[in-house]
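> Structure provided below as structure tokens; questions to follow.
2 protein chains.
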Amino acid sequence: MTPVLPHSPGDFFGASVVELGQRLRNGQLTSVALTHAALESIERLNPVINAFVHVNAEGALAQAVLADAALAAGQDAGPLHGIPVSIKDNIDTFDMPTTYGSAHFAEHQPLEDALCVRRLRDAGAVILGKTLTHEFAYGPTGDRSLQGASKNPWDTTRMTGGSSAGSAAAVASGMVPLALGTDTGGSIRIPTGLCGAVGFKPGFDVVPMQGIFPLSKTLDHVGPIANSAEDAALVFAAISAPSGLNPLGSQPFNAQPFKSEHAPRVAWIDVHAFGAADPVVTQTIYRFAETFFKQPLERLQGFDRVMPGLRKAMAAIQRAEAYEVHNERVADNPQLFDPEVLERLQMSAEVRGWEYIHAMKARDALMAHMAAVFEEVDLLLMPTLPLTAPALEQREVKLGGEAVSVREAVLSLTSAWNLTGLPAINIPAGQVNGLPVGLQVVAAKGRDVQLLDQLRELERQAWRHPPGDARLRGE
Amino acid sequence: MTPVLPHSPGDFFGASVVELGQRLRNGQLTSVALTHAALESIERLNPVINAFVHVNAEGALAQAVLADAALAAGQDAGPLHGIPVSIKDNIDTFDMPTTYGSAHFAEHQPLEDALCVRRLRDAGAVILGKTLTHEFAYGPTGDRSLQGASKNPWDTTRMTGGSSAGSAAAVASGMVPLALGTDTGGSIRIPTGLCGAVGFKPGFDVVPMQGIFPLSKTLDHVGPIANSAEDAALVFAAISAPSGLNPLGSQPFNAQPFKSEHAPRVAWIDVHAFGAADPVVTQTIYRFAETFFKQPLERLQGFDRVMPGLRKAMAAIQRAEAYEVHNERVADNPQLFDPEVLERLQMSAEVRGWEYIHAMKARDALMAHMAAVFEEVDLLLMPTLPLTAPALEQREVKLGGEAVSVREAVLSLTSAWNLTGLPAINIPAGQVNGLPVGLQVVAAKGRDVQLLDQLRELERQAWRHPPGDARLRGE
Numbered sequence: 005m006t007p008v009l010p011h012s013p014g015d016f017f018g019a020s021v022v023e024l025g026q027r028l029r030n031g032q033l034t035s036v037a038l039t040h041a042a043l044e045s046i047e048r049l050n051p052v053i054n055a056f057v058h059v060n061a062e063g064a065l066a067q068a069v070l071a072d073a074a075l076a077a078g079q080d081a082g083p084l085h086g087i088p089v090s091i092k093d094n095i096d097t098f099d100m101p102t103t104y105g106s107a108h109f110a111e112h113q114p115l116e117d118a119l120c121v122r123r124l125r126d127a128g129a130v131i132l133g134k135t136l137t138h139e140f141a142y143g144p145t146g147d148r149s150l151q152g153a154s155k156n157p158w159d160t161t162r163m164t165g166g167s168s169a170g171s172a173a174a175v176a177s178g179m180v181p182l183a184l185g186t187d188t189g190g191s192i193r194i195p196t197g198l199c200g201a202v203g204f205k206p207g208f209d210v211v212p213m214q215g216i217f218p219l220s221k222t223l224d225h226v227g228p229i230a231n232s233a234e235d236a237a238l239v240f241a242a243i244s245a246p247s248g249l250n251p252l253g254s255q256p257f258n259a260q261p262f263k264s265e266h267a268p269r270v271a272w273i274d275v276h277a278f279g280a281a282d283p284v285v286t287q288t289i290y291r292f293a294e295t296f297f298k299q300p301l302e303r304l305q306g307f308d309r310v311m312p313g314l315r316k317a318m319a320a321i322q323r324a325e326a327y328e329v330h331n332e333r334v335a336d337n338p339q340l341f342d343p344e345v346l347e348r349l350q351m352s353a354e355v356r357g358w359e360y361i362h363a364m365k366a367r368d369a370l371m372a373h374m375a376a377v378f379e380e381v382d383l384l385l386m387p388t389l390p391l392t393a394p395a396l397e398q399r400e401v402k403l404g405g406e407a408v409s410v411r412e413a414v415l416s417l418t419s420a421w422n423l424t425g426l427p428a429i430n431i432p433a434g435q436v437n438g439l440p441v442g443l444q445v446v447a448a449k450g451r452d453v454q455l456l457d458q459l460r461e462l463e464r465q466a467w468r469h470p471p472g473d474a475r476l477r478g479e
Numbered sequence: 005m006t007p008v009l010p011h012s013p014g015d016f017f018g019a020s021v022v023e024l025g026q027r028l029r030n031g032q033l034t035s036v037a038l039t040h041a042a043l044e045s046i047e048r049l050n051p052v053i054n055a056f057v058h059v060n061a062e063g064a065l066a067q068a069v070l071a072d073a074a075l076a077a078g079q080d081a082g083p084l085h086g087i088p089v090s091i092k093d094n095i096d097t098f099d100m101p102t103t104y105g106s107a108h109f110a111e112h113q114p115l116e117d118a119l120c121v122r123r124l125r126d127a128g129a130v131i132l133g134k135t136l137t138h139e140f141a142y143g144p145t146g147d148r149s150l151q152g153a154s155k156n157p158w159d160t161t162r163m164t165g166g167s168s169a170g171s172a173a174a175v176a177s178g179m180v181p182l183a184l185g186t187d188t189g190g191s192i193r194i195p196t197g198l199c200g201a202v203g204f205k206p207g208f209d210v211v212p213m214q215g216i217f218p219l220s221k222t223l224d225h226v227g228p229i230a231n232s233a234e235d236a237a238l239v240f241a242a243i244s245a246p247s248g249l250n251p252l253g254s255q256p257f258n259a260q261p262f263k264s265e266h267a268p269r270v271a272w273i274d275v276h277a278f279g280a281a282d283p284v285v286t287q288t289i290y291r292f293a294e295t296f297f298k299q300p301l302e303r304l305q306g307f308d309r310v311m312p313g314l315r316k317a318m319a320a321i322q323r324a325e326a327y328e329v330h331n332e333r334v335a336d337n338p339q340l341f342d343p344e345v346l347e348r349l350q351m352s353a354e355v356r357g358w359e360y361i362h363a364m365k366a367r368d369a370l371m372a373h374m375a376a377v378f379e380e381v382d383l384l385l386m387p388t389l390p391l392t393a394p395a396l397e398q399r400e401v402k403l404g405g406e407a408v409s410v411r412e413a414v415l416s417l418t419s420a421w422n423l424t425g426l427p428a429i430n431i432p433a434g435q436v437n438g439l440p441v442g443l444q445v446v447a448a449k450g451r452d453v454q455l456l457d458q459l460r461e462l463e464r465q466a467w468r469h470p471p472g473d474a475r476l477r478g479e
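If you want it as structure tokens, here you go:
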């Protein structure tokens, strides 16, 4: 198989939704043209990448026609008006099947949109198709689902990572400019890290989860995948808002940038406490971060003490909650699960109740610890992953001289921010051996908007004054 | 052994704290005299009943001297001023050992009072001694602890019930007029039901649990044991208040009665859905309730559908939470537990995490169900227990023709109100074969004060106009 990138990307490769919006409004582009571009890119690339599991071509074109007519009539729904978006296949859509990546739901057609999808429609987006999820989002490799594996656009023998495999691959390869993903242990950040896109996991409960199939209810998040923090912020503005507020109507759209008053105080988290890492990967990301933030990075210590307990806590919480969701399916129809997912679920049944409660206490302690850390800094920086994309179906990897499980390795740096519910984002940070690596930026509770705003300001500065390093554009 | 009641009660048998307060203030009594009366009653009765595990005679007399001096100087702390109170031995006291009924804490001396004890001291109460708890409050029979079994004052070959065994026996036998107990599945209501006292479990989180050894954190409650709802209300007023409010200072004391504007709408819960019951016991309580509430009782159906799931949910939650508290002790020093308590804990380790989460969902559903029920009625009535006190160490009982476990039988009617966190009270409802039986009254969330107020109004009416039935006075 041939890699798609960097030589034959889709039409939206690196595209800015902000720029597309300007061209839509000055008559250089139409939503129908954008939708055709997306459909043609999908037609060309998807047979290789397997990002889309369903494409609603007719429906998308119909939405685009309406979007163009509305804009012509002066009805502008905001920055997402007329922009094609793909939706991870564990998020309900009233007009497309939603399989959750599982044979259990091979024929499933929801009656209603998830609230976040409804909000995107209200914001004018063209909901174009469904992108592959690891079965029930229960796996960070993106290569086990009813529809098989998504392929990494930089090397199609490699995994995208998961579970938002298709959403990340679709944006990274340029098939669409925007997608929604979900993230329970890293499932937005991991595949955007391995494929080279921006992936934002908002703070816990900042974007409502109604209509999204649960994996682990106290860890699940939904968020945007895009080519820039600026574009991710547009999606975030459309889908965030407490679920109680006006849940069925359109959301007031706020695209005003929140100007940062000072350069963010940042610190770099040493990752050795989190597990084995490829030093070339971490050094590449560190150097990118120094350049991007234009300051030497103070190194934050002290995670050695908390991490071992945290990994155990994370596992106990996620497993117990996941098995609670699936216990009847495991009992009644085990054969419908992918064998690896089934094995993981069966193991998940074994977590004890007291261990779950114990883990919830450890989680409270970590949240308090992080609140104290964020008294001193605005943003924490670290790699999103300690390695580049492993091969499809690879399950063990040599990392810093150790043989470690691929699943543990790819989750090692992201899951702490699900446990704490803190906003965290992956941004492309260059490449190692032709494969993308990503910088993870974490902010304090409630600082989602500030995180996005500081990053889009830095993006503008970096792109306006490129420091001679193509990595800054994720290229 | 000789039964203490009805022939040789302690000095506070049936005493009203409201009346004692009047006599304290008109010079007929002193706190020192009350404290001496309690100490003498304990000296005489406790060797038979084993309610007190520690008595602080000197300290109590010193507190009483100060209380008398304060009153003489016009410093009146309110209705509990100068009144002797005993404290269940799982509640911390800075001036007395607190063993939690366990050899693990045989020598334990807390440094601080529990918040509820501190509030009682601020309200002027004389904190006189510690009363026996089933080991770690993990048992409803009151006959397994570091200090052995408490004995039922009506028949000392029978159990008091537990886990607030000593507090209930101390008040029921007249050693003290007031006590604090705790209630996780019925531990205040069960022993007051079997011994013949008023026992009030407030709504969840209405009285803070700081300084009380946890059994099951989402089910634990602390509340008063007294001779009347009126007296229980005085203690409740002193100890209730959110823990965040002025946690170290004295609480504003509010003894104003909340006048009910109309007769409460009441309904009787048919208990057959909850398990086996002695029909003589339930009929006696039903007749008492009709007389006490002066109305025919509508029977509420529909618990058949919810109860089986609830029992399972209750067990899963309590066991998982209890084991989380004790897992290190079970691993490190199992020999220090009573064998029966140890066996129960070891079984508790087996609850699965997903079962715990599942149970929490069932609990939410029951809470919603009860909220709907309380749209139609003010108070729900049912027996507190389906039987009279079994023999000490008895572990199986014939009930309605079935052999059932004593533990399940005594918990069968109370634990649903821990699961739902609703305020619930036991009031004496007469006797069957010379042993007390109790009526349980349950109110809606947040209606603690109204529940107590309606009951004290009915108590006044019943006692002012006795219907020729001594049961109404709990005699």
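Here the protein sequences come in this chain order: A and B. Numbering of the first sequence is given in the working numbering, commencing with residue 5 and proceeding in unit increments. Numbering of the second sequence is given in the working numbering, commencing with residue 5 and proceeding in unit increments. Where a beta carbon is used, it is the ideal one built from N, C-alpha and C, also for glycine. As the structure is a computational prediction, the values presented were derived from the model and not from experiment.
#1: So, for A:LYS316: in the same chain, excluding its five sequence neighbours on each side, which residues have a beta-carbon less than 6 Å away from its beta-carbon?
#2: Are the Cβ atoms of B:ARG122 and B:ALA395 separated by less than 7 Å?
#3: Going by DSSP, what residues sit across from A:HIS58 in a beta bridge?
#4: Classify A:ASP93 as helix, strand or coil using the three-state DSSP reduction.
#5: Using a Cβ-Cβ cutoff of less than 7 Å, which residues in the same chain neighbour A:PHE257 once the five nearest sequence positions on both sides are dropped?
#6: Pull up the distance between the alpha-carbon of A:ALA66 and that of A:ASN430, whole angstroms please.
#7: Who are the neighbours of A:ALA353 on chain B, taking C-beta pairs under 8 Å?
#8: Within a Cβ cutoff of 8 Å, which residues of the same chain sit near A:ARG464, ignoring the five residues on either side of it in sequence?
#9: For the region 302-331 of chain A, enumerate the residues whose C-beta is nearer than 9 Å to any C-beta of chain B, in chain order.
#10: Since B:THR160 is in the beta strand (DSSP E), which residue starts that stretch and which ends it?
#11: Please confirm whether A:ASP15 and A:ALA41 have their CB atoms less than 7 Å apart.
#12: Assign B:LEU119 to one of three DSSP states: helix, strand, or coil.
#13: Report the neighbours of B:HIS108 on chain A: residues whose CB is nearer than 7 Å to its CB, in chain order.
#14: Take B:ASP99 as the anchor and find which of B:GLU397, B:LEU75, B:ASN60 and B:ASN231 has the nearest alpha-carbon.
#15: Is the region 206-224 of chain A in contact with the region 449-465 of chain A, if contact means three or more CB pairs nearer than 8 Å?
#16: Going straight from the alpha carbon of A:ALA176 to that of A:THR196, what length do you get?
#17: Between the region 209-224 of chain A and chain B, which residues of the former have a C-beta closer than 7 Å to a C-beta of the latter?
#18: If we count the other Cβ atoms within 10 Å of its Cβ and call it buried at 16 or more, is B:ARG356 buried or exposed?
#19: For a cutoff of 7 Å on Cβ pairs, would you count A:HIS11 as touching chain B?
#20: Listing by chain order, which chain A residues have their CB less than 9 Å from the CB of B:HIS362?
#21: Using only CA atoms, which one of A:LEU28, A:ALA19 and A:HIS85 lies nearest to A:ALA174?
#22: Helix, strand or coil for A:ILE485, going by three-state DSSP, please let me know.
#23: Enumerate in chain order the residues of its own chain whose CB-to-CB distance from B:ALA353 is below 6 Å, with the five nearest sequence positions on each side excluded.
#24: Report yes if the CB atom of A:VAL285 is closer than 7 Å to the CB atom of A:VAL436, and no otherwise.
#25: Rounded to the nearest angstrom, what separates B:GLU347 and B:TYR142 at their Cα positions?
#26: Within the continuous alpha helix (DSSP H) that includes B:GLU302, where are the two ends?
#27: From A:GLY305 to A:ILE273, what distance separates their C-alpha atoms?
#28: Cβ of B:PRO10 within 7 Å of Cβ of B:ASP159?
#29: Within 8 Å, do at least three Cβ pairs link the region 403-418 of chain B to the region 150-159 of chain B?
#30: Quick check on DSSP: helix, strand or coil for A:ASP336?
#31: Less than 8 Å between C-beta atoms, sequence neighbours within five positions excluded: which residues of the same chain meet that for B:LEU301?
#32: Could you please give the first and the last residue of the uninterrupted alpha helix (DSSP H) stretch that includes B:ASP187?
#33: Run through the region 18-76 of chain A for me and flag every whole alpha helix (DSSP H) of 4 or more residues, listed as ranges in chain order.
#34: In the DSSP output, what is B:GLU406 paired with across the bridge?
A quick look at the data gives this:
#1: Here the set comprises nothing.
#2: At the C-beta level, B:ARG122 and B:ALA395 stay beyond 7 Å of one another.
#3: A:HIS58 is bridged to A:LYS134.
#4: A:ASP93 falls in the coil class under three-state DSSP.
#5: Bear in mind that the predicted position of A:PHE257 carries a pLDDT of just 34, short of 50, making it too unreliable to give a figure here.
#6: Distance between A:ALA66 and A:ASN430, taken at the CA atoms: about 33 Å.
#7: Under the 8 Å cutoff, chain B gives ARG356 and TRP358.
#8: Correct list, in chain order: GLU234.
#9: When CB distances to chain B are screened at a threshold of 9 Å, the residues of the region 302-331 of chain A falling below it are ALA320, ILE321, ARG323, ALA324, GLU325, ALA326, TYR327, GLU328, VAL329, HIS330 and ASN331, in chain order.
#10: Run containing B:THR160: 159-163, per the beta strand (DSSP E) assignment.
#11: The Cβ atoms of A:ASP15 and A:ALA41 lie closer than 7 Å to each other.
#12: Looking at B:LEU119 - three-state DSSP - the assignment turns out to be helix.
#13: In chain order: nothing, as chain A lies at least about 17 Å away.
#14: The option with the nearest alpha carbon to B:ASP99 is B:ASN60.
#15: By the Cβ test, the region 206-224 of chain A is in contact with the region 449-465 of chain A, since at least three Cβ pairs between them sit closer than 8 Å.
#16: So the two alpha carbons sit approximately 8 Å from each other.
#17: Listed by position, the residues of the region 209-224 of chain A near chain B (Cβ gap below 7 Å) amount to none.
#18: Under this definition B:ARG356 is a buried residue.
#19: Output row for A:HIS11: interface = no.
#20: One finds GLU328 and ASN331 in chain A with Cβ atoms closer than 9 Å to the Cβ of B:HIS362, taken in chain order.
#21: Measuring from the Cα of A:ALA174, the nearest candidate turns out to be A:ALA19.
#22: Residue 485 of chain A cannot be examined here, being either before or after the span of chain A that is shown, 5 to 479.
#23: For B:ALA353, where only same-chain residues beyond five positions count, the Cβ hits under 6 Å are TYR327.
#24: Contact check for A:VAL285 against A:VAL436 passes: the beta carbons are separated by less than 7 Å.
#25: Near 11 Å, if we compare the C-alpha coordinates of B:TYR142 and B:GLU347.
#26: Annotation: B:GLU302 is outside any alpha helix (DSSP H); the continuous beta strand (DSSP E) that includes it extends over 302-304.
#27: The identity of residue 305 of chain A in the sequence shown is Gln, whereas the question assumes Gly. Rounded to the nearest angstrom, the two C-alpha atoms are 7 Å apart.
#28: The Cβ atoms of B:PRO10 and B:ASP159 do not sit closer than 7 Å to each other.
#29: With the cut-off at 8 Å, the region 150-159 of chain B and the region 403-418 of chain B do not touch.
#30: Helix, per DSSP.
#31: Within the same chain, B:LEU301 has close Cβ partners VAL270, ALA271, TRP272, TYR290, ALA293, GLU294 and LEU385.
#32: In the DSSP annotation of this structure, B:ASP187 is not part of any alpha helix (DSSP H); the continuous beta strand (DSSP E) holding it starts and ends at 182-187.
#33: Correct list: 21-29, 35-53 and 61-76.
#34: Within the DSSP secondary-structure output, B:GLU406 pairs in a beta bridge with B:LEU403.
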